[in-house]
Amino acid sequence: MHLKYLIIISFSLLFRNTLSQVHDNSLKYNTSMDSLWSSNIFIQSISPDGNWVLFEEAYTDRKPKGYLAHTQLKEKKFDINLTGSYAFTSDSKWLASLSEDTLYLRELAFDKVEKIVGVQSFKFSASGKYIVLKDELPEKAGTLQVIDLKDFTKRKLEGVYHYSLHPYLEVMITTHKSTSRYGFLVNKISLSDSEQENIYQTTSKISSLIWSNNGKYFTIVDEQSIHLFDLHGKHSELKINDLRTEISFTALNKHSLRISDNGDLVLFNCDIENETDNPNVRILDTSDKWIEPKIQIYKRTQLNPIKIAWHPVKETFFPIADIQHPVAKANVANEKALVYDPMTYEPQYSESPYVDLYLKDLKSGDMELVIEKQYSNQRYLSVSPSGRYVSYFKDDQWLVFDSNKKMTFNLTENSNVSFVDKNSWEYVDKRPYGNPGWTKDEKFIILYDQYDIWLFEPEKKSGFRITKGREDKIKYRINWQLNRRTDGISEGLNNLLGLSYDDDSPIILDMLGDDLQSGLAVWKGKRKVKTLTYSQTFKDDVLVSENNKRLVYRAYKLNVPPAIYSLDLTTSDTLKIHQSNEGLLNFDLGKYKQIVYQDKYGNNLRGILVYPSNFTPSKKYPMITYIYEVNSVYLNYFNPPSKLSYTGFNILNYVTDGYFILLPDIKYEFGNTAKSALDCVVSAVEKSFDEKSIDKNKVGLIGHSFGGYQAAFIATQTDLFSAVVAGAGVTDLVSFYHDFVWSWNDEQSWRMRNQQFRMAGSFYQDKKSYYDNSALYSTANLSTPLFLWTGKKDYNINWYQSVFMYSAMKELEKEGKLIVFENDDHNLMIKENQLLLSSEIHAWFEKYLK
């Protein structure tokens with residue numbers, strides 16, 4: 001058996017709930033059809049005018065299939081290869097897609113396709129009038145073609161290495177091989193007439209060409225210097241040898257250059273040489289603030305590369321970080337950086353370090369203290385787009401530091417609602433609901449409470465809601481997927497840069513009800529929010545056209561395969577333009593209903609009870625309870641019937657095979673994590689027995705990872721279940737507390753103290769709770785057949801955790817078994833292993849529940 005490594009998938013489990021049913025078809029499903037279905041569909045791009053959408057349908061056992069579809073004419077849909085690069089013109093008249101070395105150029109109005117072979121890259125001009133093609137990679141000189149899309153006239157340029165089109169003008173910059181004593185030329189070329197202007201000549205090979213966002217400046221990097229030019233040829237230069245006299249580095253990251261809009265600042269990264277470690281020896285010292293593996297990762301990822309600020313006008317440069325503040329989060333857009341030392345307060349045994357946070361001016365190099373001992377997780381920190389404000393969450397309040405006025409404002413201290421998520425797994429420094437960004441003028445910072453979106457003015461320390469979600473128990477959030485294809489978004493977020501939202505343009509909001517209904521709304525203007533669609537199906541993967549006239553989204557449910565819809569933002573008229581797995585609609589994939597039950601403290605909790613296909617009320621059916629944390633959310637996930645699963649369990653496999661499935665929510669008490677799960681799960685199962693068709697003597701339990709931890713524990717505490725499956729779970733909190741999580745190069749103890757395991761303190765402060773919430777120490781009480789499985793290359797939860805439990809079961813003669821996948825990880829990746837595990841789990845439940 002063979003498997004490969006996979007980092008654990010962290011579930012962001014939202015509290016969602018519902019009841020209803022979607023369809024009532026009667027055909028009986030057969031597992032021989034599993035291979036017919038796609039696993040999902042993904043919206044890739046929408047044309048600027050909103051008339052066309054590109055999407056891809058993914059499969060587990062074959063290559064994805066791409067489509068081009070008209071958003072208003074359902075009959076206009078074409079197969080298209082999306083495995084390479086693709087783009088629409090700005091006028092939406094053309095679509096180009098590159099597959100290997102063949103370019104397909106489609107005239108959208110006439111469905112005409114031109115095939116051009118021998119292409120390695122392409123770019124459309126800003127106006128959409130021209131397409132530029134190159135037959136070689138940037139490292140090689142090749143032929144550049146400029147094609148006029150009006151009449152398809154072609155012009156060729158030979159010996160071109162790099163080319164880059166201006167973001168707004170019909171101009172491009174190219175680097176050429178020259179026959180003169182200068183080996184290489186930098187030229188500015190007009191796309192309309194191919195008129196060339198030589199900007200620079202050099203004997204050094206050029207390796208990079210990058211524009212500023214506004215197109216006023218561009219940089220090139222050759223073997224000797226970094227060069228900054230404007231469109232008129234004004235030139236500044238930073239010699240790499242001069243850089244080396246001040247800073248020791250091994251290589252300049254040529255793709256990292258970022259230019260401010262005024263050309264006064266250029267940021268770039270330099271790689272430094274890492275200390276050479278003996279790969280056969282690890283030396284760990286108890287006096288170290290961090291364990292040695294974490295220190296090595298810190299050196300390779302936080303200290304390397306170093307970030308450099310270059311001021312072309314002043315002819316100065318300096319490293320942004322220094323010895324006292326070795327980590328820098330810098331943004332060229334606002335010419336500011338957050339700098340700090342993550343070691344200051346260590347060891348803290350937390351997910352992120354506490355730091356003294358400084359704001360550094362990248363023009364002057366001056367620094368000012370923002371806040372001491374601030375939790376540095378990116379959910380808690382952000383810099384406004386202009387760099388004027390730093391927002392941070394501390395002591396359950398949102399605060400803003402104004403770098404202009406040198407003042408700090410507590411925004412939420414007088415609010416009558418909470419902005420802290422009381423249900424988050426942190427025991428201290430509980431996380432905020434969120435701070436997605438600022439309005440475009442930075443007059444307002446945008447904050448979330450449990451349900452609503454708020455706007456706060458920093459100086460007035462006052463805020464107002466733009467949504468009314470609390471009244472209807474509907475959560476509103478700005479749709480984050482809108483920016484997923486915007487250049488620089490991920491880079492900005494990684495550097496703690498807050499996003500800017502233009503509230504004069506449509507901003508799409510996600511809606512999610514406590515009943516698990518889902519929708520989309522549009523926010524335009526300070527208080528104008530309009531619902532676009534709201535119904536049973538879950539909606540996501542949203543894109544909006546550049547002209548703000550049309551929106552496309554994906555919709556699905558546990559028993560409804562994904563479809564793509566087009567929505568007119570003016571009229572809200574909606575059209576389904578593609579249905580995946582249409583054949584599945586002919587089968588009953590189960591109905592569902594919401595159940596409400598209580599934990600021992602009287603808190604109401606929700607679960608979803610999914611009925612077996614072709615349900616007959618007079619029959620008795622077995623039930624499987626699937627647990628993690630807030631599992632009612634799985635009502636809004638769709639996975640087609642398949643034995644190819646990372647965890648060996650597929651809900652629809654069992655629904656179509658005559659099983660009830662229970663998806664309960666769990667509310668945790670700090671220090672009693674597993675006992676909380678026992679309390680909630682037993683209560684949920686007993687409540688489900690209100691459905692008389694469930695056979696009380698044929699109930700199973702399954703969980704993976706954190707769910708596997710809870711499933712193994714529950715198996716030792718009750719005889720309610722006839723069979724249990726626990727995959728890749730922790731069975732002994734004591735040994736787990738003292739282990740390393742090798743996939744993160746960190747200790748496991750912080751996950752126990754102040755993360756998912758919710759033990760709220762050190763083992764040495766409360767040993768009894770650690771023992772009492774571990775399955776291993778209750779193995780003697782086990783009376784339920786227990787199936788354990790694990791991957792031997794699980795670097796998230798040590799595979800020995802399952803071995804410990806198996807060994808105890810074997811010695812105590814408890815019924816069960818263990819499967820160890822020799823080359824697999826926390827989630828199974830090799831298909832043969834997925835098939836085997838799915839079959840073994842199914843056989844286990846068939847044996848004990850049928």
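Just so we're aligned: the sequence shown equals residues 1 to 850 in my numbering.
In this text, a Cβ means the ideal position worked out from N, Cα and C, and glycines have one as well.
Boundaries of the alpha helix (DSSP H) in which residue i is found, first to last residue
i	result
His842	831 to 849
Ser688	673 to 688
Arg244	240 to 246
Lys810	800 to 811
Asp772	767 to 772
Lys299	292 to 301
Asn754	749 to 754
Asn331	First-last for Asn331: 327 to 331, but that is the beta strand (DSSP E), not the alpha helix (DSSP H).
Asn653	651 to 655
Residue i - partner residues in DSSP beta bridges
i	result
Pro432	Val420
Cys270	Leu252, Ile306
Ser594	Correcting the residue identity first, residue 594 is Gln in this sequence and not Ser. Beta-bridge pairing links Gln594 to Ile608.
Arg258	Leu267
Ile46	Val53
Tyr200	Val186
Ala715	Per DSSP, none; premise fails for Ala715.
Pro353	Looking at the DSSP assignment, Pro353 forms no beta bridge with any residue, so it has no partner.
Asn40	Ala58
Phe456	Ile445, Gly463
His162	Paired residue(s): none; His162 is not in a bridge.
Ile210	Thr219
Nearest-angstrom Cβ-Cβ length linking residue i and residue j, presumed shorter than 8 Å
i	j	result
Thr731	Ser642	With a Cβ gap of about 29 Å, Thr731 and Ser642 do not count as contacting.
Val400	Leu411	6 Å
Val529	Thr467	5 Å
Leu812	Ala726	No, Leu812 and Ala726 are not in contact; Cβ-Cβ is about 16 Å, not under 8 Å.
Outcome for residue i when other beta-carbon atoms lying within 10 angstroms are tallied against a minimum of 16
i	result
Met908	The structure shown does not extend to residue 908, since the chain spans only 1 to 850, so no value can be given for it.
Gly437	buried
Ser384	buried
Glu832	exposed
Ser382	buried
Glu195	exposed
His704	buried
Span separating the alpha-carbon of residue i from that of residue j
i	j	result
Phe464	Trp454	5 Å
Phe88	Trp310	35 Å
Ser838	Lys675	28 Å
His325	Leu338	9 Å
Ser566	Ser572	9 Å
Arg388	Asn213	20 Å
Arg106	Ser192	21 Å
Pro342	Asn581	49 Å
Leu558	Trp37	15 Å
Ile7	Thr71	Unreliable positioning characterises Ile7 in this predicted model, as indicated by a pLDDT of 29, which lies under 50. A coordinate reading is not provided.
Leu369	Thr316	24 Å
Gly469	Leu509	12 Å
Ser204	Arg282	43 Å
Tyr163	His176	9 Å
Lys294	Thr286	14 Å
Leu575	Met33	29 Å
Tyr621	Trp52	47 Å
Arg751	His166	48 Å
Lys318	Thr250	It is Phe, not Lys, that sits at residue 318 in the sequence shown. So the alpha carbons of these two residues sit roughly 17 Å apart.
Phe845	Ala723	7 Å
Residue i - containing beta strand (DSSP E), residue span
i	result
Ile624	621 to 627
Thr153	Taken as a continuous stretch (DSSP letters only), Thr153 belongs to no beta strand (DSSP E), as it is neither H nor E.
Pro562	560 to 568
Phe464	462 to 465
Asn410	407 to 410
Gly791	786 to 791
Pro664	660 to 664
Ile478	474 to 478
Phe401	397 to 402
Phe318	316 to 319
Any non-hydrogen atom of the ligand NAP closer than 6 Å to residue i Cβ
i	result
Tyr634	Judged by which ligands are present, the structure shown has none, so any question about the ligand NAP falls away.
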